[in-house]
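> I'd like to ask some things about the structure below.
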Amino acid sequence: MSGVFDITARSPNTEQFSANFGVDLINATATLEGPLFENGGWLLSARRGYIDLILALMDIDEDYKPQYADVYGKFTYQVTQADTVTLNGLYGWDKNRIRLEDIDNNLDSQYDNSTVWAKWRHTFGGSHWTDFFVFAGTSAQDRMTGKSDIDNRDFRFLGTKAEFTANLFDAHTFRSGVKWQWLTAQYQYDVQERQAGVNIYKPILVDVDNSGSDISAFLQDEWQLHPKLALNVGGHFVYQQYREVGIQRYEIGPRVALAVKPVNNLVLRGAWGLYHQPVSLMGVPVEDGIETVGRAEQAVHYVIGAEYTPTHNFLVRVEGYYNTFDNLVGRLREFGRQNQIFAAPESADAKGFDVFMTHTVSDRLAWTLGYAYGIAEEIAGGETIFRQYDRRHSFAVSSNYQFAPLWHLYLSWRFHTGEPRTPLIHTEVRLPDGGIACDRQFGDTHSARMPAYHSLDFRITKRNPYRRWELSWYFQILNLYNHRNLDQYAFSEVRNEETGTIECAIEEEPLFPIVPTLGVTMRF
836 MSGVFDITAR
846 SPNTEQFSAN
856 FGVDLINATA
866 TLEGPLFENG
876 GWLLSARRGY
886 IDLILALMDI
896 DEDYKPQYAD
906 VYGKFTYQVT
916 QADTVTLNGL
926 YGWDKNRIRL
936 EDIDNNLDSQ
946 YDNSTVWAKW
956 RHTFGGSHWT
966 DFFVFAGTSA
976 QDRMTGKSDI
986 DNRDFRFLGT
996 KAEFTANLFD
1006 AHTFRSGVKW
1016 QWLTAQYQYD
1026 VQERQAGVNI
1036 YKPILVDVDN
1046 SGSDISAFLQ
1056 DEWQLHPKLA
1066 LNVGGHFVYQ
1076 QYREVGIQRY
1086 EIGPRVALAV
1096 KPVNNLVLRG
1106 AWGLYHQPVS
1116 LMGVPVEDGI
1126 ETVGRAEQAV
1136 HYVIGAEYTP
1146 THNFLVRVEG
1156 YYNTFDNLVG
1166 RLREFGRQNQ
1176 IFAAPESADA
1186 KGFDVFMTHT
1196 VSDRLAWTLG
1206 YAYGIAEEIA
1216 GGETIFRQYD
1226 RRHSFAVSSN
1236 YQFAPLWHLY
1246 LSWRFHTGEP
1256 RTPLIHTEVR
1266 LPDGGIACDR
1276 QFGDTHSARM
1286 PAYHSLDFRI
1296 TKRNPYRRWE
1306 LSWYFQILNL
1316 YNHRNLDQYA
1326 FSEVRNEETG
1336 TIECAIEEEP
1346 LFPIVPTLGV
1356 TMRF
């Protein structure tokens, strides 16, 4: 499956100054906003996480020290009745320190990202408008593992984008857009990748310094052919100037969708599309020893569905899909304290169906339910295997109940069957000097499964409005019944304190146990 996220930044309060402060066991946040000049407004928001402090209080074996923070600012100004200008800026960083004293399994990393963008919207009456953007940013990664493995990346980009929307003849909604950007990328990748066996490593050294531009554009027409029939036709074009010499530098992806409404409370839908996922200059899979950009990954989607609303407050949606994938980039990769498995996928497919229901029982009670069945397979080395994120069954149910004025209770339960995993084989090998080493081997790729995952989350909220300010708080418990969900199986080498010998084992590394959190937000 695939999807599109449409993220919209909140507009600042242009009427009066306001402040919002929040604290919970994971983050501290602050948001300030207010008017600026006669037709403008500003907003400033910052967040700091302290998961490292929480982990320090928990009884876990791993030495994790993750830290992160970000700050966002926005300025908006109404130049004329038809023209609005906004300026945005976002900066974020995170650090991670894992087992710094463990030479074979440590991690020391830092990521920095910054982006600024300006938007000018011009409206032509109430049915046509244009959006024009200018943007620029940087991204940097400094990562070190093991004794001397490094993965450093430095990116710069700038560009512009224009979009146009028009409602024509009361039957067409026409959308189009074009984006151009210039990118520079530097990679310094020098890693000794551990292989199967006893202390066997494969060096991967990639040094990339490249730059270039790409262009993308789209056209789309939503055509209301009849009150009970709608057609959506469109296409997407992408061109990358920095692709490898001799490789086609562009792709065209058409798509079409049809919606039929035979009766007032039933809508039937069908869609087909050819989609491309280009490998950006900022996403070269250097960990696979690749130094250049080739053709885009390609997917063909077939989707059918139905949406039924027996009453105005009850919705049932069912969708079935079949997708095929080609030109896949990179290799099957399993991370963790185990060796890394590589298998070049040649093609893949996914099929399944989803069921979603939501019901607003009353003004105080609502619930949602979702179920998904899916099969995802790929061909690698001439063999068909399950893809890494293949899940046969997924189920989720949630409810929201207002049991008293200003009090809300939320419950959410999630379940999914285990994803594929490759069995790990860890045996002791006697060395010529009498010592013991661990021989790391693998079984058949994705021939086993992780245990099923399930968790119940509970949350209660209370809002306390006062004359000039408001206090809101929540109490939340994740994994309420403390089920032991597994994150991975991993190779482990443990020294026996009595004998001094090395013991080779396969460890189960769990996800978080029961986690209670408390949060408070103040708004002025």
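Okay, so the sequence shown: first residue is 836 according to this note's numbering, each after it adds one.
Heads up, the beta-carbon is just placed ideally off N, CA and C, and yes, glycines get one too.
Under three-state DSSP, which class holds Ile1260?
strand
> Mind checking whether Thr980 and Val1026 have CB atoms under 9 Å apart?
yes
> Ends of the beta strand (DSSP E) at Arg1275?
1271–1277 is the span of the beta strand (DSSP E), which, as asked, contains Arg1275.
> Anyone know if the C-beta pair for Trp1308 and Arg1358 falls short of 9 Å?
no
> Could you tell me whether the stretch 863–882 touches the stretch 905–921, using the rule of 3 or more Cβ pairs below 8 Å?
yes
> Using DSSP with H/G/I as helix, E/B as strand and the rest coil, what is Glu1079?
coil
> If distances are taken between C-alpha atoms only, which option among Leu1246, Lys996, Arg1130, Asp986 comes closest to His1111?
Arg1130
> Please state whether the Cβ-Cβ distance between Thr1296 and Asp859 is less than 9 Å.
It is not a contact, given that the beta carbons lie outside the stated cut-off.
> Buried or exposed, going by whether 16 or more other CB atoms sit within 10 Å of the CB of Ser1051?
buried
> Helix or strand or just coil, what does DSSP make of Met836?
With a pLDDT of only 43 at Met836, under the threshold of 50, the placement of this residue in the model should not be trusted, and no figure is reported.
> Terminal residues of the continuous beta strand (DSSP E) containing Asn1100?
Careful: Asn1100 lies outside any beta strand (DSSP E) and carries neither H nor E.
> DSSP three-state label for Asp905, please.
Three-state result, Asp905: strand.
> Report the residue from Pro1240, Lys1063, Gly1278 whose alpha carbon sits nearest the alpha carbon of Pro1300.
Pro1240
> Residues bridged to Pro1351 by DSSP?
In the DSSP output, where bridge partners are listed per residue, Pro1351 has Ile1312.
> Let me check understanding here. Comparing Cα to Cα, which of Ala1094, Gly1069, Asn1045 lies closest to Arg1061?
The sequence shown places His at residue 1061, rather than the Arg named in the question. Nearest C-alpha to His1061: Ala1094.
> Please report the distance separating the alpha-carbon of His1289 from that of Ser1229.
10 Å
> Whose C-alpha, out of Phe852, Thr864, Glu1126, is nearest the C-alpha of Phe872?
Phe852
> If you drop the 5 nearest sequence neighbours on each side, which residues of the same chain put their C-beta closer than 7 Å to that of Tyr1199?
Before going further, note that residue 1199 is Arg rather than Tyr in the sequence given. These residues qualify, in order along the chain: Tyr1236, Gln1237.
> Which runs of the beta strand (DSSP E) at least 3 residues long sit entirely within the stretch 923–995? Give them in chain order.
942–959, 963–980
> Tell me whether Val1121 sits in a helix, a strand or coil according to DSSP, three-state version.
helix
> Does the pairing of the stretch 1179–1186 with the stretch 1139–1154 give three or more beta-carbon distances under 8 Å?
no
> Give me the residue from Asn1099, Asn1034, Val920 with the minimum Cα distance to Leu1266.
Asn1034
> What separation, rounded to the nearest whole angstrom, lies between the Cα atoms of Met836 and Ala1215?
At Met836, the pLDDT of 43 sits below 50, so the modelled position is not reliable and the matter cannot be decided from this model.
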